[in-house]
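Take a look at the structure below.
2 protein chains.
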Amino acid sequence: MSGRKPTITDVAALAGVSVAAVSKVVNGKGSISAATRERVLTAASKLQWTPSAAAVALRSAKTRAIGMVAKRSPDLLSADPHFSLLISGIEGELSPLGYGLLLHIVGEQPGPGEPDPEEAAYRRLADERRVDGVVLTESRIGDTRFELLRTLGVNAVLVGTPWRADPVPSVQATGLGSGIRAAVDHLVGHGHRRVAYVSGPEDRVHTVHRRRVFEDALAARGLAPSHSLVSDFTAAGAVDAISALLADRRRPTAVLFANDSMAVAGLSAARRLGVDVPGELSVIGHDDLPLGELVYPQLTTVRQDLVGLGRAAARVLLASLGEVDAEPVEVRPPELVVRESTGPAPDRT
Amino acid sequence: MSGRKPTITDVAALAGVSVAAVSKVVNGKGSISAATRERVLTAASKLQWTPSAAAVALRSAKTRAIGMVAKRSPDLLSADPHFSLLISGIEGELSPLGYGLLLHIVGEQPGPGEPDPEEAAYRRLADERRVDGVVLTESRIGDTRFELLRTLGVNAVLVGTPWRADPVPSVQATGLGSGIRAAVDHLVGHGHRRVAYVSGPEDRVHTVHRRRVFEDALAARGLAPSHSLVSDFTAAGAVDAISALLADRRRPTAVLFANDSMAVAGLSAARRLGVDVPGELSVIGHDDLPLGELVYPQLTTVRQDLVGLGRAAARVLLASLGEVDAEPVEVRPPELVVRESTGPAPDRT
DNA sequence: CTGAAAGCGCTAACAC
DNA sequence: GTGTTAGCGCTTTCAG
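Chains as they are written, first to last, in full-length UniProt numbering: chain S, 1 to 349; chain W, 1 to 349.
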């Protein structure tokens, strides 16, 4: 395409040294005199040479890439912005070290007579030796991915809470639960007594965790959930949920959703049904995606430091690869962001 | 980590053939007897062997990966869901062929005394020979990326309209402009006479194109834009724009935004100012991101087949790599999706 | 401190 | 139809 790409040999020749010397200076290993280093460096930059990733990978068995596979339902709605933020954080740590991020998006359905696409994706990553590690998200109850990855021999780190204290590397925010507790306090402090919860899919670890935190927080104020629904992170699910809640004679005056997309969809559905938010119903989301600020009324939500989580996950992986020291990066605790979708409970009627 | 990974040699030994034979069968090249093929295949599967990506890449100078670099402003708001959809389409084509997608996210700012991070990212991808091609998005006026990529010797395909008929590979929807024209017709048909346009950043090729289509469509109905604003794809920008429009004594009765995020932000801002949508103001977005269905009122928007564009881009790249035939995949033409944010023009007062 | 040499796992001529 | 044999570009002992 544009002349041959220079190789280490070219650099060595131009610098008048051996290829070994060049290798040593670019890797900072072995001992090299300042003079030689200098000559190699200038030769390299003159030739615009950068080590070939493939050669390095083959020789050193390190690809300098980490992988991520995202399982996506046809309803692209939910996970998306969540992933983007996480990826931003991950990339922020990888890029400076020259690591790449290999992304795979797989469907939910195994396709007729085929293996689980998610598992297949991890296998391929491992078998082809394309990555040095992977980051997992959306911890699931009964999650088999760690086991799989372990037998495949690839490093992994989980963003979130492991399924029952599995001894797997993972990262989570400090003070987990503080945001939801603050949300409950906010609501109760505003006179709400009937507050409902709409969770995400039940196979998610965070689903049960968040609901428990919610219930405990309410209990601490001497209350119990007015309703507790399970939904699926889709818009339709949220709409169904809100319809059910509003149809109840003793309907809630406030509802917490397990993510922002559902919260916005629910909020919109309520308004469409003629229910004023926050006048008649307060709504709180979870994650603080950009979306929440765009809508009217703006969404009160539990902010999660997604970028920080991504960053932290990358650090853990990088540390296990010996690239950085294992100093954990701090992930900001979840916090309540009060905007316009919450307010005082409506007058008792 | 878990026993040594099997190599082609192991497979050859187990099958009782030469490594060349194994290579031939996995690559479908050369001539191999059915019997040998069979033995190789069983040996390979017994050993769970898959060719090492690094070895293949080094030897054949093909990485079987394509790259993408996304330039992201600190305000993550805009490009996001757009990218996710594109990526879904791209991955859909890559995965079946065993290709990977290497993603890089870079900031806008060059950092003090540093080179443009975007350019640096492309250079790294090329110099390290990490990918066989890249897909570019967000065609810019005066775009230098193609030139860069050409001198770097990497295949590239653009999603969108090239900057002034550059002879670069690109994909776009058939019937470009049809969606915006339909939007204008929809509005005018509903009695709107004062319709405004809020564009994206002026350095984008699509910005000027879409605005022209808009103006031409209006002109075809004997009208001219009531206002034409330039914004920046941020929520704040959209809010400013809508405020300016509504402050005008002769304010528009309808406004088209260059993307959905701005449209939703604008729509929300209008409502916050006490302006009813669509009663007093009709709003139309662009792209049809999931977000538009979540909000209330649901957003009328110009749908763009983002997934199809991603798919098509991947095909073009794959074709230029000789992996697939160059049959262009069809990208659905843009179409107007009428929802709740548009309606009849308010009565003249 | 420096260089020669042996591969990493695989593909592609080229012989047989 | 099948095997032998060079490397691809780099890292890493191991002598000097």
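Glycine is no exception: its CB is placed at the ideal position from the N, C-alpha and C atoms. No experiment lies behind these values; they were computed from the predicted model shown.
Residue of the options minimising C-alpha distance to residue i
i      : options                           : result
L149/S : L58/S, A126/S and Q304/S          : A126/S
Q172/W : D10/W, R315/W and R221/W          : R315/W
I8/W   : G30/W, L41/W and S31/W            : L41/W
A156/S : G67/S, V277/S, V275/S and T50/S   : G67/S
K5/S   : P167/W, S18/W, T151/W and A43/W   : T151/W
A101/W : M262/W, I87/W, V275/W and Q109/W  : One point to set straight first is that residue 101/W is Leu, not Ala, in the sequence displayed. With distances taken between Cα atoms, L101/W lies closest to I87/W.
P290/W : E93/S, S320/S and V264/S          : V264/S
R204/S : A53/S, V302/S, V307/S and T144/S  : T144/S
L321/S : L94/S, A70/S, T36/S and G30/S     : L94/S
I242/S : V195/S, V213/S, E215/S and V208/S : V195/S
T301/S : T174/S, L256/S, Q109/S and K46/S  : L256/S
M262/W : A247/W, A270/W and T234/W         : T234/W
L294/S : D260/S, R72/S and S178/S          : D260/S
Q304/S : S199/S, E335/S and G30/S          : E335/S
G274/S : L267/W, A270/W, Y296/W and V11/W  : Y296/W
S226/S : L246/S, E138/S, G237/S and A238/S : L246/S
P201/S : R193/S, H192/S and R211/S         : R211/S
T174/S : D132/S, R59/S, L309/S and P51/S   : L309/S
Supposed contact pair residue j and residue i - C-beta distance, whole angstroms, cut 8 Å
i      : j      : result
I141/W : W163/W : 6 Å
V331/S : A312/S : 5 Å
A244/W : L229/W : 7 Å
P169/W : L158/W : 7 Å
G279/W : A238/W : Going by Cβ atoms, the distance from G279/W to A238/W rounds to 20 Å, so no, they are not a contact pair.
T342/S : H209/S : Actually they are not in contact, since the Cβ atoms of T342/S and H209/S sit about 22 Å apart, beyond 8 Å.
Cutoff 9 Å: residue i Cβ touching any chain W Cβ
i      : result
Q172/S : no
E91/S  : yes
G100/S : yes
S341/S : no
P81/S  : yes
V329/S : no
G279/S : no
G274/S : no
A65/S  : yes
G153/S : yes
A345/S : no
Test: residue i CB closer than 9 Å to a CB of chain S
i      : result
V264/W : yes
R332/W : no
F257/W : no
V198/W : no
A269/W : yes
L103/W : yes
T253/W : no
V337/W : no
S73/W  : no
A156/W : no
G160/W : no
V106/W : yes
R124/W : yes
The beta strand (DSSP E) enclosing residue i, as first and last residue numbers
i             : result
S282/S        : S282 to D287
E335/W        : E335 to V337
residue 386/S : Chain S is shown from 1 up to 349; residue 386/S falls before or after that span and cannot be answered.
V97/W         : Per the sequence presented here, residue 97/W reads as Leu, with Val not at that position. Segment: none, L97/W is in no beta strand (DSSP E) and carries neither H nor E.
G266/W        : Premise fails: G266/W lies in the alpha helix (DSSP H), D260 to R272, not in any beta strand (DSSP E).
A196/S        : V195 to S199
H192/W        : Segment: none, H192/W is in no beta strand (DSSP E) and carries neither H nor E.
G292/W        : Run containing G292/W: none in the beta strand (DSSP E); it sits in the alpha helix (DSSP H), L291 to L294.
A254/W        : A254 to F257
Bounding residues of the alpha helix (DSSP H) (the contiguous stretch that carries residue i)
i      : result
R315/W : L306 to S320
V188/S : S178 to G189
Y122/W : P117 to D127
L246/S : A235 to A247
N27/S  : V19 to N27
G67/W  : Unbroken run through G67/W is the beta strand (DSSP E), A65 to R72; no alpha helix (DSSP H).
L41/W  : A34 to L47
Scan the stretch 282-311 of chain W for residues whose Cβ lies nearer than 7 Å to a Cβ of chain S and list them as they occur along the chain. For the stretch 282-311 of chain W, the beta-carbon criterion of a distance under 7 Å to any beta-carbon of chain S is satisfied by P290, L291, E293, L294, V295 and Y296.
Which of the residues in the stretch 128-151 of chain S, read from start to end, lie with their CB under 8 Å from any CB of chain W? Cβ contacts with chain W: E128, R129, R130, R150 and T151.
Identify each residue in the UniProt domain "HTH lacI-type" (6-60) of chain W for which the Cβ-Cβ distance to at least one residue of chain S is less than 9 Å, and report them in chain order. Interface annotation for the UniProt domain "HTH lacI-type" (6-60) of chain W against chain S: Q48, W49, T50, P51, S52, A53, A54, A55, V56, A57, L58 and R59, criterion Cβ-Cβ distance under 9 Å.
Which residues, in chain order, does the stretch 173-186 of chain S contribute to contact with chain W at a C-beta distance below 9 Å? Listed by position, the residues of the stretch 173-186 of chain S near chain W (Cβ gap below 9 Å) amount to none.
Scan the stretch 310-327 of chain W for residues whose Cβ lies nearer than 9 Å to a Cβ of chain S and list them as they occur along the chain. Under the 9 Å Cβ criterion, the stretch 310-327 of chain W contributes no residue.
Quick one: which residues of the stretch 214-246 of chain W get their C-beta closer than 8 Å to a C-beta of chain S? List them in chain order. Listed by position, the residues of the stretch 214-246 of chain W near chain S (Cβ gap below 8 Å) are A235.
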